[in-house]
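Encoded as structure tokens, the structure appears first; notes follow it.
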Ligand code: PMP
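Residue numbers (full-length UniProt numbering): 1 to 403.
Right, dumping it as structure tokens:
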């Protein structure tokens, strides 16, 4: 059977990343890994989930929890989220919220909704790998989005790629992979540009709640609401998630946007999977109501200590010529290596000789450039693993530099 002759052009474009094979080696017990961009499972509120699943199944919601439900999502959860969005400066109602199966599904739907083959998506350089994966199926071109570019909007419109530019996608808070946060002035500048270009802004806020220090910056959607006089006039589509705060396995995320966007996404969800798991939505709502803020405060304490340990270890162990970001939240630190050093080659050597792993940075660039970069995740490593891991990484780097 030759499947290649049957594949749609979008199917033919799908490929596993070069680093997947290397990352498969990480199951070895003695490897210290900074690769996985996942929350620490020991921090999940497992007890609260166990109790809530049991009580929902024993209570009056049991039948509806097991039944089909509306594509928009469980109304009390949407109301809870609308109130949270209002607290972030986005006054809105449940009709502005769609529950998705993780924010990853929202990225897929937004690609499906907005991109025809050959359209241009503006993305960060680097950007979230999973967003490129989601958008790739809709066969776009990518153009570099540099939110720190200070040129006036008019010049940037001229500089845009040929073909219809549809949206700018970014993770403004504690980005994956860099950990960086977009300052307020640049959020405004981005909206100016998006307005001048007549395009949408996709604000991926997966890490928004994980700020450990520094001052909170309002979501781009909040700035957009303030400028345009209400959510119905906005161009920003906000994608949120419970994955980094409660638990990713339940696959509960949401989109907050103007009604015309939500209504179209609801039709898309109806066609794709009808709705996200009813039971998971009900349980997520009850657990969030009970402990969200308290639980997230606990995550802040643990993750910020790990970030601090990693920053201190980097300062101690990294050779001359290596620089890194200093994130105020999230899970990632981004390293830039000397020009000649290749992140993927370094990973192969780091696994083989020192049993330490990370994600090479080239994968996060739509054109595979900037191979002298890498992403470290501090979410799952203890401070002592961080110290040992960075000592190992420092040795691998020095042995490469000496060659
Ligand atoms: N956006 C970003 C920036 C992410 O890092 C992730 C998960 N790694 C997601 C979206 C998707 O998360 P989920 O589907 O679990 O909400």
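Even glycine gets a Cβ: it sits at the ideal position worked out from N, Cα and C.
| Check | Outcome |
| --- | --- |
| Local Cβ density within 10 Å of residue 82, reported as buried at 16 or more and exposed below that | buried |
| Closer than 7 Å: residue 206 CB and nearest ligand 1 heavy atom | yes |
| Endpoints, the beta strand (DSSP E) within which residue 244 is located | Premise fails: residue 244 is in no beta strand (DSSP E) and is neither H nor E. |
| Residues near residue 178 by beta carbon distance below 6 Å, same chain, minus five either side | 325, 334 |
| Extent of the continuous alpha helix (DSSP H) run through residue 112 | 102-114 |
| Rounded straight-line distance, which links the Cα of residue 175 to that of residue 359 | 15 Å |
| Cβ neighbours of residue 380 in the same chain (closer than 7 Å, five flanking residues each side left out) | 36, 38, 40 |
| Residue 376 - partner residues in DSSP beta bridges | 333 |
| Range of the contiguous alpha helix (DSSP H) that encloses residue 11 | 9-13 |
| Test: residue 105 CB closer than 8 Å to a CB of chain B | In the structure shown, chain B cannot be found, because there is only a single protein chain. |
| Option in 276, 94, 191 with minimal Cα separation from residue 235 | 191 |
| Residue 176 Cβ short of 7 Å to ligand 1 heavy atom set | yes |
| Spatial distance of residue 340 from residue 66 (CA atoms) | 56 Å |
| Length of the line joining the Cα atoms of residue 197 and residue 346 | 40 Å |
| Simplified DSSP state of residue 197, which is helix, strand or coil | helix |
| Among 50, 133, 256, 101, the one whose alpha carbon lies nearest that of residue 11 | 133 |
| Neighbourhood of residue 111 by C-beta distance below 7 Å, restricted to the same chain and skipping five residues each side | 134, 135, 137, 138 |
| Alpha-carbon spacing of residue 101 relative to residue 241, whole angstroms | 9 Å |
| Among 218, 220, 243, 97, nearest to residue 207 - alpha-carbon criterion | 243 |
| Near ligand 1: residue 42 beta-carbon under 7 Å from a heavy atom | no |
| Residues that DSSP places opposite residue 121 in a beta bridge | 142, 167 |
| Near ligand 1: residue 169 beta-carbon under 7 Å from a heavy atom | no |
| For residue 417, the first and last residue of its enclosing alpha helix (DSSP H) | Since the first residue of the chain shown is 1 and the last is 403, residue 417 is not available in this structure. |
| For residue 385 and residue 32, believed in contact at Cβ under 8 Å, the rounded distance | 5 Å |
| Separation of residue 351 from residue 222, as counted between CA atoms | 44 Å |
| Supposed close pair residue 354, residue 400 - CB separation, criterion 8 Å | Incorrect: roughly 11 Å between the Cβ atoms, too far for contact. |
| Counted within 10 angstroms of its Cβ, other Cβ atoms place residue 68 as buried (16 or more) or exposed | exposed |
| Nearest candidate by alpha-carbon position, reference residue 258, set 270, 280, 228 | 228 |
| DSSP-derived helix/strand/coil call for residue 204 | strand |
| Contact under 8 Å by Cβ, residue 94 with residue 78 | yes |
| Extent of the continuous beta strand (DSSP E) to which residue 254 belongs | 253-256 |
| Residue range of the unbroken alpha helix (DSSP H) whose run includes residue 262 | 259-272 |
| Assumed close pair residue 34, residue 304 - CB separation to whole angstroms, cut-off 8 Å | With 8 Å as the limit, residue 34 and residue 304 do not qualify as a contact, their Cβ atoms being about 17 Å apart. |
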